[in-house]
Amino acid sequence: MKQITFTQLIVLAVLTRVGFFIFGLYQDAYLLVKYTDIDYLVFSDAARYVANGFSPYMRETYRYTPILAWLLVPNSWDGPWYSFGKVVFMLSDIITGAIILSLLKTMFSGKSISQNKILLFSSLWLLNPMVITISTRGSSESILTVLIMSSAYFLLSKQNYILSALFMGAAVHLKLYPIIYLASVFIFLSDKGPSFFKVPFICNVNKHNLLYAIVTLGVTTLLNLIMYQIYGYEFLENAFFYHFKRLDHRHNFSVYNIVLYYVSTIDTHSGLEDVIFPLEKLAFLPQFFISILAIPIVFAKKDLMSCFFLQTFAFVTFNKVITSQYFIWYIIFIPHILARLSHAEKWRRHRGILNLLLWVLSQSSWLYFAYQLEFQGKSTFDKGLIYSSFFFFLSNCKILGNLIEDISSCIFT
Numbered sequence: 098m099k100q101i102t103f104t105q106l107i108v109l110a111v112l113t114r115v116g117f118f119i120f121g122l123y124q125d126a127y128l129l130v131k132y133t134d135i136d137y138l139v140f141s142d143a144a145r146y147v148a149n150g151f152s153p154y155m156r157e158t159y160r161y162t163p164i165l166a167w168l169l170v171p172n173s174w175d176g177p178w179y180s181f182g183k184v185v186f187m188l189s190d191i192i193t194g195a196i197i198l199s200l201l202k203t204m205f206s207g208k209s210i211s212q213n214k215i216l217l218f219s220s221l222w223l224l225n226p227m228v229i230t231i232s233t234r235g236s237s238e239s240i241l242t243v244l245i246m247s248s249a250y251f252l253l254s255k256q257n258y259i260l261s262a263l264f265m266g267a268a269v270h271l272k273l274y275p276i277i278y279l280a281s282v283f284i285f286l287s288d289k290g291p292s293f294f295k296v297p298f299i300c301n302v303n304k305h306n307l308l309y310a311i312v313t314l315g316v317t318t319l320l321n322l323i324m325y326q327i328y329g330y331e332f333l334e335n336a337f338f339y340h341f342k343r344l345d346h347r348h349n350f351s352v353y354n355i356v357l358y359y360v361s362t363i364d365t366h367s368g369l370e371d372v373i374f375p376l377e378k379l380a381f382l383p384q385f386f387i388s389i390l391a392i393p394i395v396f397a398k399k400d401l402m403s404c405f406f407l408q409t410f411a412f413v414t415f416n417k418v419i420t421s422q423y424f425i426w427y428i429i430f431i432p433h434i435l436a437r438l439s440h441a442e443k444w445r446r447h448r449g450i451l452n453l454l455l456w457v458l459s460q461s462s463w464l465y466f467a468y469q470l471e472f473q474g475k476s477t478f479d480k481g482l483i484y485s486s487f488f489f490f491l492s493n494c495k496i497l498g499n500l501i502e503d504i505s506s507c508i509f510t
C-alpha cells in the first residue's frame with residue numbers, strides 16, 4: 098500500500114482548513130447561527146482600537162495580552178483583511194502539526210514505529226475536525242500551541258534549553274496556565290548536570306534547570322512589565338487578575354458551573370456572598386496538587402511529553418471554567434500519547450477507544466442541555482445541566498486514571 102508523504106499530509110491539512118474557512122464565510126452570511134466565534138469579534142474590535150491609538154481594553158471582555166491585538170491590527174483594515182486573524186490561526190495550526198511530526202520522528206524513529214504511523218499520529222492534530230473548527234472560527238489557541246510545541250521541540254530535539262525557555266516564557270505571558278510545565282521541566286533537567294547543592298529537597302538544582310527557570314520567568318516578567326508600562330493597571334486587571342476571580346456560568350463544562358451560576362446571581366450588597374462557602378475560590382487546590390506536584394514528580398523524568406499531557410488534562414478537568422477551546426491544550430499531546438501506547442497490551446489500546454467514547458458521550462450530554470439553555474431559552478441548570486456537568490467531570494477523572502495507569506505500564510517497565 099502506498100504510504101502518504103509529509104507533503105501530502107500538509108497539503109491535505111491546508112485544503113481542509115480552507116474548506117472549513119469558506120464554509121464559515123457562507124454560514125456567517127446566510128445562516129442564523131454564525132460560524133465565527135464571538136472571541137474573534139472581540140479580538141477584531143480590540144485590534145481596531147489599537148490601530149487608532151487606543152487601548153485594546155476599551156473593548157469590554159478583551160481579557161488577553163495586548164500583543165494579540167497588535168498582531169491582529171490588519172483585521173481592522175477594509176475588505177478581506179477582516180479574515181487576517183483566521184489565516185494566522187490556521188497557519189499556526191499547520192506549524193503546530195509540523196512540530197508535532199518532527200518531535201515524533203525524534204523521539205520514536207527506530208523504536209518499531211513506522212514512518213507511516215508517525216504521519217498517522219500527526220494527522221490526529223493536522224486533520225482533527227475539532228482543531229480545525231476552533232482555529233477557522235477565530236480562536237487564538239493555535240498561537241499558544243505553537244509556542245508550547247516550539248518550547249518542547251528545542252528542549253527535547255535540540256537540547257537548546259535557553260531557546261526553549263524563551264518560547265515557554267512567551268507562552269506563559271500569552272496565557273498563564275503553561276506555568277505548570279515549569280515544574281516538570283525543572284525535574285526533567287535535574288539529571289542533565291551536576292547539582293549545586295547536596296542538601297535534601299534542593300539537591301536537584303543545577304545550572305540547566307536553574308537557567309531554564311530564570312529565562313522562562315524573566316521573559317514572562319519582561320513582557321508583563323512592557324505591557325504594564327504601556328497600559329498600566331488595566332493590563333494586569335484584564336489579562337491576569339480577572340481570570341482568578343472569573344465567574345463564567347455560560348459555555349462552561351466545569352463541575353463548578355452550577356456554583357458559579359448561583360454566585361453570579363447574588364446581590365453584592367446583600368451580604369450573602371460573605372456567608373456562602375467560597376467553593377469556587379478553592380478550585381485551584383486539586384489543580385495545584387495534581388498538576389504541579391504529583392504528576393511532575395512521578396512522570397517528568399521518565400517521559401516529559403506524557404507528563405505535559407497528564408498535567409494539562411488534570412488541570413482542565415479540575416478547572417472552574419472549561420470551554421471547548423481548553424480541550425486544544427491537551428489535544429496537542431495526543432499524537433505523542435498514542436505513539437507511546439502503540440506497543441501497549443491490546444486491551445489497553447481497546448480501553449483507549451472506550452476512553453474516547455466516554456469523553457465524547459459525556460461532552461455530548463452537556464452540549465444537549467446547553468443547547469436547550471442557549472438557543473431554546475429553557476432553564477436547564479437544575480434539570481440536566483448540573484448532572485451532565487458532574488457526568489463530564491467524573492468521566493474525565495476516570496479517563497485520567499486510566500491514562501495514568503496505561504502510560505505508567507509503558508514507561509515504568
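According to the working numbering, the sequence shown is numbered sequentially starting from 98. For every residue, glycine included, the Cβ atom is placed at its ideal position computed from N, Cα and C. For clarity, every value in this text was computed on a predicted model and none was experimentally measured.
Taking the alpha helix (DSSP H) that residue i falls in, what are its first and last residues?
i	result
Val45	Here the chain has residues from 98 to 510 only, and residue 45 is not among them.
His433	431-438
Asn452	443-472
Met246	238-253
Thr193	181-205
Arg114	103-127
Met545	What is shown of the chain runs 98 to 510, which leaves residue 545 out entirely.
Trp222	212-223
Ser403	401-414
Ser505	483-508
Ile387	Careful: Ile387 lies outside any alpha helix (DSSP H) and carries neither H nor E.
Glu334	Careful: Glu334 lies outside any alpha helix (DSSP H) and carries neither H nor E.
Ala166	163-168
Met227	226-233
Tyr353	Note, Tyr353: premise wrong, no alpha helix (DSSP H); not H, not E.
Val282	277-285
Phe478	Segment: none, Phe478 is in no alpha helix (DSSP H) and carries neither H nor E.
Should residue i be labelled buried (16 or more other beta-carbon atoms within 10 Å of its own) or exposed?
i	result
Gln78	Within the shown structure, residues of the chain are numbered from 98 to 510, placing residue 78 beyond reach of any answer.
Ala467	buried
Val372	With a pLDDT of only 49 at Val372, under the threshold of 50, the placement of this residue in the model should not be trusted, and no figure is reported.
Leu106	buried
Tyr427	buried
Glu238	buried
Met187	buried
Leu497	buried
Ala268	buried
Asn149	exposed
Gln100	exposed
Phe490	buried
Pro393	buried
With DSSP as the reference, please indicate the residues paired to residue i in a beta bridge.
i	result
Asn292	With the sequence shown as reference, residue 292 is identified as Ser, and Asn is not the correct amino acid for it. According to DSSP, Ser292 bridges with Asn303.
Can you tell me the Cβ-Cβ gap for residue i and residue j, rounded? I've got them flagged as a contact below 8 Å.
i	j	result
Ile483	Ile311	The pair is not a contact, with the Cβ atoms about 45 Å apart (cut-off 8 Å).
Leu200	Ser254	6 Å
Asp185	Leu165	What sits at residue 185 in the sequence shown is Val, not Asp. With 8 Å as the limit, Val185 and Leu165 do not qualify as a contact, their Cβ atoms being about 10 Å apart.
Val352	Ser486	5 Å
Ser421	Ile231	7 Å
Ala262	Thr313	5 Å
Tyr110	Leu223	Here residue 110 turns out to be Ala, not Tyr, going by the sequence shown. Right, their Cβ atoms sit about 4 Å apart.
Arg114	Thr203	Contact doesn't hold; Cβ gap of about 26 Å is too wide.
Thr158	Ala336	Not a contact, Cβ separation roughly 13 Å.
Ala411	Ser506	At roughly 19 Å, the Cβ-Cβ gap does not stay under 8 Å, so Ala411 and Ser506 are not in contact.
Ile504	Arg446	So it is not a contact: roughly 13 Å between Cβ atoms.
Gly182	Tyr123	Not really, about 19 Å apart at Cβ, beyond 8 Å.
Ser439	Lys214	7 Å
Cys300	Thr414	So it is not a contact: roughly 32 Å between Cβ atoms.
Check whether the Cβ atoms of residue i and residue j lie closer than 9 Å to each other.
i	j	result
Glu331	Ser152	yes
Ser462	Phe424	no
Leu435	Gly449	yes
Tyr278	Ile245	yes
Pro171	Ala195	no
Trp444	Ser492	no
Thr104	Ser189	no
Val147	Ser173	yes
Ile284	Asn303	no
Leu407	Leu252	no
Gly266	Val316	yes
Ser388	His433	no
Gln212	Ser220	no
Ile501	Lys399	no
Tyr309	Ile259	yes
Phe350	Gln473	no
Thr409	Tyr250	no
Phe430	Phe405	yes
Arg160	His340	yes
Asn452	Asn416	no
Gly121	Thr133	yes
Less than 8 Å between the CB of residue i and some heavy atom of the ligand HEM, yes or no?
i	result
Arg448	This structure simply doesn't include the ligand HEM, nor any ligand for that matter.
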